[in-house]
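> Protein chains in written order, with the working numbering: chain A, -7 to 253; chain B, 520 to 784; chain C, 74 to 326. For each residue, glycine too, the CB sits at the ideal point set by N, CA and C. Because the structure is a prediction, the values reported are computed rather than measured. Right, I'll just put the structure down here and ask away after.
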Amino acid sequence: MPRDIRLRALFWQTATVLFLLALWQWSAVTHPAPYLPPLKPVALAYLSLLKPGNFMDTVFPSLSRLAIGFGLAVVLGTVLGTALGYLRRLDPWIRPVLEYLRFVPTVAILPAALLLFGATDTMRIFVIAFGSVFPVLLAAIDGARRGNALLLDVARILKFSLAEKLFRVVLPGALPSIFAGVRIALSIGLVMMVISELIAANDGLGFYILRNQRLFQTANVYAGVLMLGTIGLILTLGLLSIEKRVLAWHRGWRGLSDARS
Amino acid sequence: MSSTGKATIFASRATTALKGVMGVLAAFAAWEVVRQTGFIDKRDLPAVIEVMEAAYSGLVHGDISSALLETLQSWISGLALATVIGIAGGLALALLPGLELATRPILEFLRPIPSVALIPVALLVLGIGTSMQLFMISFAAVWPVLFSTKAGVESIDPRFLETGRVLGFNRAERVMRILLPASLPYIATGIRTAAAIALVLAITVEMLTGRPGIGFYIENVRLNGLTAEMWGGILVTGIFGYLVNALFVGIERFTLPWSPENRDA
Amino acid sequence: MSQPLLSMEGVSKAYSADAQILRDVTFKQGSNEFLAIVGPSGCGKTTMLRCISALMSPDSGSVFHEGQSFDDPPPWLSIVFQDYNRSLFPWLSVRRNVEQGLRDVARSERDDRVSEALTAVKLDHAADLYPWQLSGGMQQRCALARSIVTAPRLLLLDEPFASVDAQTRIDLQDLVMDICERMSLSALLVTHDIDEAVFMADKVVVLSTRPATVVEEIPIDLPRPRDQLTTKETPEFLSLRHKVYTLVRQQAQ
């Protein structure tokens, strides 16, 4: 994009954001209502969430549960999915069970998790992992199954062992599909993180938002939501940059074949 | 095709179905094994047959079925609202580049917010009630429709539009006769994704605010210690989720036989 | 050596009752021999190659490599496939692609042998590029380097020049002949290009239409080194080409 067009875009984007903020502030001042706090307390509450003490009580518990649950889901989904996709003969055996489990609305499992694990971190990590494992698993199965059969012939000629075939041929070939699954999994993981804290927790961002809503500390509620948006944005961008690095070969490959066709 | 060919296809389908049934039975067996190991209290993990009985009697005697109907109602209205707003918004963003540019930072920031986090906000503004439930479901479900509509319109081959111009279509005709039909496969996929999200939101709102529906049912029977009923409710919810997806795939196959997604199937 | 390098004895293969691909294929290939197999398109050449490399086992008959039969590709055999853009690992650089054949070799020796192979195919300047950054001919040279880096005794070439443009094809033909000669490598070239078969091979095996069987083996006693211009203008070349052409055309009818 040429520079002046980019500058003009930036101008309009800033203008829109400022206009909406001004509109918010104007209505908060002229029509005061409990659910419409002015901008200043919201900003202050947001900044205070970043103070070390508050951060450790509120943001950190959420993040660590998400990291463990989502991490488990990614590792488990990738490993299992790659193996299952490679062993095509297993597919008819597991397909109906998988097709059922993937469409269970993940929140429905929450009461069961509460029953089995109580209101513990294990329960929260479990629901985060359960919710985000299916997109990764199914994407990995799909990617591994649609892999390039000729490369497996090459691997046989080059005397690859089974593990080498899985990790050096099938897995790299399935990675583009797996990353697409991981992106979906991340947004589901975030949702499950919040829900598990809304329904039963004594720390974390979901708990913070719910408690402040009950205490009518509206500015804090909005600050908590903003913090969740920030976390979602940062994690999405981080994931995209990892993907860009890991899949550089894939984008080049596709770009070239697009240009040819 | 020769009759032996048909017989072979039938036999291979029968084997596939049999393997699938065996897989399901193996899952039931695994459930029973977990039960027997005693890691988890047996009262919390009833036998598969008890769960099925609870699900069946709930469906027949009306507890689960009436809860499902409630959920279905709010789900459909939320999804319908999200579809209308999403398509209109997606069209607007795709056709008005200035609008897209100006609102991009806001949309990019709103999108990754987990929609359930807004439930407390919605409670503050709208209180507990139908409008809050409707708002939450459609707010969460609008994004996939919006972005897939936009992607669909942007993916249209400009030659289609040139053809429309040659045929003398005006702007409105171009939208109705070319842009919308050509982006329907994208929109359909977006609506299918939105349907699943809307279902999750409907259930979540029911669980958190006690609105009648399957989510409230599951949470309520758990609080009353009726574990078989809880698992039965989850089982039925899963089947419902599966049917919702199957319904949308079926509609897409039927109404969009020319869509690239349906051609090879 | 008394045993031939490769011998196919009565090899048959069918995918189903109505689809027999190979019928009683029998031929032998000696050491240091460049063999070309030609036949009408779709006659089952690729299936035969998969049987030869033990990627697939025949329904009846046997494939012997120096008198032994194998269930898995023997270690001294390598293949260059037609589909270069699907037979290279797209996520590995050229150098790493070539290295895949030498995973058990010590690092220092491996680096030397990889560089040597890359020099042999004139790809040393592109060692750190990825397959998508290469032209078709360069990708096929990379696949060729990967095949020769293991120092094989038998090089199978599955229509390796079919997907590149005419000039590149000529360059690759010269390169392959040159490498086979310098490394005293036996090669088995499957192709539908009769000029190419006659020009490159010591012996041409003509196959029938499906189910494929050997129609005739024609020794090509053109002197080496062969030249794209002068060899192809000699009366001997033209008469051999005429003979093979006639046989293949008869099959197609």
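(1) Could you check whether residue 573 of chain B and residue 732 of chain B sit closer than 7 Å to each other, using their CB atoms as the reference points?
(2) Please return the same chain residues whose Cβ sits closer than 8 Å to the Cβ of residue 726 of chain B, not counting the five positions on each side in sequence.
(3) Which two residues bound the contiguous beta strand (DSSP E) that contains residue 292 of chain C?
(4) Have a look at residue 708 of chain B and residue 127 of chain A and give me their C-alpha separation to the nearest angstrom.
(5) Can you confirm whether residue 142 of chain A, when its beta carbon is compared against all beta carbons of chain C, has any partner nearer than 7 Å?
(6) Taking Cβ positions only, does residue 336 of chain C come closer than 7 Å to chain A?
(7) In its own chain, which residues sit with a C-beta less than 7 Å from the C-beta of residue 250 of chain A, not counting the 5 before and 5 after it?
(8) Looking at C-beta atoms only, is the number of pairs between the stretch 188 to 195 of chain C and the stretch 169 to 185 of chain A that lie closer than 8 Å three or more?
(9) Please report the residue range of the beta strand (DSSP E) in which residue 229 of chain C lies.
(10) Along the stretch 223 to 235 of chain A, what residues have a CB closer than 8 Å to any CB found in chain C?
(11) Taking the runs of the beta strand (DSSP E) that are 3 residues or longer, which of them lie wholly in the stretch 76 to 121 of chain C?
(12) Looking at residue 97 of chain A: is its Cβ nearer than 7 Å to the Cβ of residue 718 of chain B?
(13) When you compare the CB positions of residue 643 of chain B and residue 27 of chain A, do they come within less than 7 Å of one another, or not?
(14) Could you pull out every unbroken alpha helix (DSSP H) segment of at least 4 residues lying fully inside the stretch 543 to 620 of chain B, listed in chain order?
(15) Would you say the stretch 611 to 621 of chain B touches the stretch 178 to 186 of chain A, given that touching needs at least three Cβ pairs under 8 Å?
(16) Which residues in the same chain have their Cβ closer than 7 Å to the Cβ of residue 155 of chain C, if we skip the five residues on either side of it in sequence?
(17) Along the alpha helix (DSSP H) that carries residue -1 of chain A, what are the first and last residues, could you check?
(18) So is residue 695 of chain B buried or exposed if we call it buried at 16+ other beta carbons inside 10 Å?
(19) Say whether chain A places a C-beta atom closer than 7 Å to the C-beta of residue 174 of chain C.
(20) For the structure I just gave you, are there three or more beta carbon pairs, one from the stretch 681 to 694 of chain B and one from the stretch 639 to 653 of chain B, closer than 8 Å?
(21) Could you confirm whether any beta carbon from chain B is found closer than 7 Å to the beta carbon of residue 242 of chain A?
(22) Using beta carbons (cut-off 7 Å, strictly below), is residue 146 of chain C in contact with chain A?
(23) Taking Cβ-Cβ distances shorter than 9 Å, what residues in chain A pair up with residue 543 of chain B?
(24) Between which residues of its own chain and residue 83 of chain C is the CB-CB distance below 6 Å, once the five residues before and five after are set aside?
(25) Would you kindly check if the distance between the Cβ of residue 131 of chain A and the Cβ of residue 169 of chain A is under 7 Å?
(26) Could you tell me whether the Cβ atoms of residue 111 of chain C and residue 270 of chain C are closer together than 7 Å?
(27) Beta carbons nearer than 9 Å to chain B: which residues of the stretch -1 to 19 of chain A have them?
(28) Flag this pair as yes or no: are the beta carbons of residue 196 of chain C and residue 214 of chain C separated by less than 7 Å?
(29) Using CA atoms only, rank isn't needed, just tell me which of B:778, B:748, B:774 is closest to residue 562 of chain B.
(30) Taking buried to mean at least 16 other C-beta atoms within 10 Å of its own C-beta, is residue 277 of chain C buried or exposed?
(31) Which residue comes first and which comes last in the beta strand (DSSP E) that contains residue 138 of chain C?
(32) On the DSSP letters alone, give me the boundaries of the alpha helix (DSSP H) that residue 661 of chain B sits inside.
So, to answer that:
(1) As a working note, residue 732 of chain B is residue 213 in the second sequence. As a working note, residue 573 of chain B is residue 54 in the second sequence. Their beta carbons are not under 7 Å apart, which means residue 732 of chain B does not touch residue 573 of chain B by this criterion.
(2) Here residue 726 of chain B is taken as the residue at index 207 of the second sequence, counted from 1. Only 734, 735, 737, 738 meet the Cβ criterion.
(3) Taking the first residue of the third sequence as 1, we reach residue 292 of chain C at position 219. Looking at the DSSP string, the run of the beta strand (DSSP E) that includes residue 292 of chain C is 287 to 292.
(4) For this step, residue 708 of chain B is matched to residue 189 along the second sequence. For this step, residue 127 of chain A is matched to residue 135 along the first sequence. So the two alpha carbons sit approximately 16 Å from each other.
(5) By 1-based counting over the first sequence, the position of residue 142 of chain A is 150. At least one chain C Cβ lies under 7 Å of residue 142 of chain A.
(6) Examination of residue 336 of chain C is not possible in this model, given that chain C is present from 74 through 326 alone.
(7) Start at 1 with the first residue of the first sequence, and residue 250 of chain A comes out as number 258. Note that residue 250 of chain A scores a pLDDT of 43, beneath 50, so its modelled location is shaky; the value from the coordinates is reported in the next line. If we look at residue 250 of chain A and ignore the five residues flanking it on each side, it has no Cβ neighbours.
(8) Three or more Cβ pairs closer than 8 Å define a contact, and the stretch 188 to 195 of chain C falls short of that threshold against the stretch 169 to 185 of chain A.
(9) Residue mapping note: residue 229 of chain C aligns to position 156 of the third sequence, counting from 1. Taken as a continuous stretch (DSSP letters only), the beta strand (DSSP E) holding residue 229 of chain C covers 227 to 231.
(10) Within the stretch 223 to 235 of chain A, no residue qualifies.
(11) Runs found: 79 to 89, 92 to 102, 107 to 111.
(12) Sequence index remark: in the first sequence, residue 97 of chain A carries index 105 (1-based). Sequence index remark: in the second sequence, residue 718 of chain B carries index 199 (1-based). Pairing residue 97 of chain A with residue 718 of chain B gives a Cβ-Cβ distance under 7 Å.
(13) On the second sequence, position 124 is the one that residue 643 of chain B refers to. On the first sequence, position 35 is the one that residue 27 of chain A refers to. At a Cβ-Cβ threshold of 7 Å, residue 643 of chain B and residue 27 of chain A count as neighbours.
(14) Listed in chain order, the complete alpha helix (DSSP H) runs (minimum 4 residues) inside the stretch 543 to 620 of chain B are 567 to 580, 582 to 614.
(15) The stretch 611 to 621 of chain B, when compared against the stretch 178 to 186 of chain A, does not touch it at the 8 Å Cβ threshold.
(16) Against the third sequence, residue 155 of chain C aligns to sequence position 82. By the criterion of a C-beta distance shorter than 7 Å, residue 155 of chain C is surrounded in its chain by 231, 232, 233, 235, 236, once the five residues flanking it on both sides are discounted.
(17) Numbered from its first residue, the first sequence carries residue -1 of chain A at position 7. Where residue -1 of chain A is concerned, the enclosing alpha helix (DSSP H) stretches over -5 to 22.
(18) By one-based count along the second sequence, residue 695 of chain B stands at place 176. It counts as exposed.
(19) To locate residue 174 of chain C, count along the third sequence from 1; it is residue 101. Yes, its Cβ sits closer than 7 Å to a Cβ of chain A.
(20) Verdict: no, contact absent.
(21) As a working mapping, residue 242 of chain A is identified with position 250 in the first sequence. No, residue 242 of chain A lies away from the interface with chain B (no Cβ there is under 7 Å from its Cβ).
(22) To locate residue 146 of chain C, count along the third sequence from 1; it is residue 73. Chain A contact via Cβ: present.
(23) Position 24 of the second sequence, counted from the start, is the residue given in the question as residue 543 of chain B. Chain A residues near residue 543 of chain B: 88, 89, 92.
(24) Here residue 83 of chain C refers to the residue found at position 10 when the third sequence is read from its first residue. Result list for residue 83 of chain C: 97, 99, 134, in chain order.
(25) Counted from its first residue, the first sequence places residue 169 of chain A at position 177. Counted from its first residue, the first sequence places residue 131 of chain A at position 139. Contact: yes.
(26) Working through the third sequence from its first residue, we reach residue 111 of chain C at position 38. Working through the third sequence from its first residue, we reach residue 270 of chain C at position 197. A contact, by the Cβ cut-off of 7 Å.
(27) Of all residues in the stretch -1 to 19 of chain A, 0, 1, 4, 5, 6, 7, 8, 9, 12 have a Cβ within less than 9 Å of some Cβ in chain B.
(28) Counted from its first residue, the third sequence places residue 196 of chain C at position 123. Counted from its first residue, the third sequence places residue 214 of chain C at position 141. Cβ atoms of residue 196 of chain C and residue 214 of chain C: closer than 7 Å.
(29) Working through the second sequence from its first residue, we reach residue 562 of chain B at position 43. Relative to the Cα of residue 562 of chain B, the nearest Cα in the group B:778, B:748, B:774 belongs to B:748.
(30) Mapped onto the third sequence, residue 277 of chain C falls at position 204. So residue 277 of chain C counts as buried.
(31) Locating residue 138 of chain C in the third sequence gives position 65, where the first residue counts as 1. DSSP places residue 138 of chain C inside the beta strand (DSSP E), whose first and last residues are 133 to 138.
(32) If you number the second sequence from 1, residue 661 of chain B lands on position 142. Here the alpha helix (DSSP H) through residue 661 of chain B covers 649 to 673.
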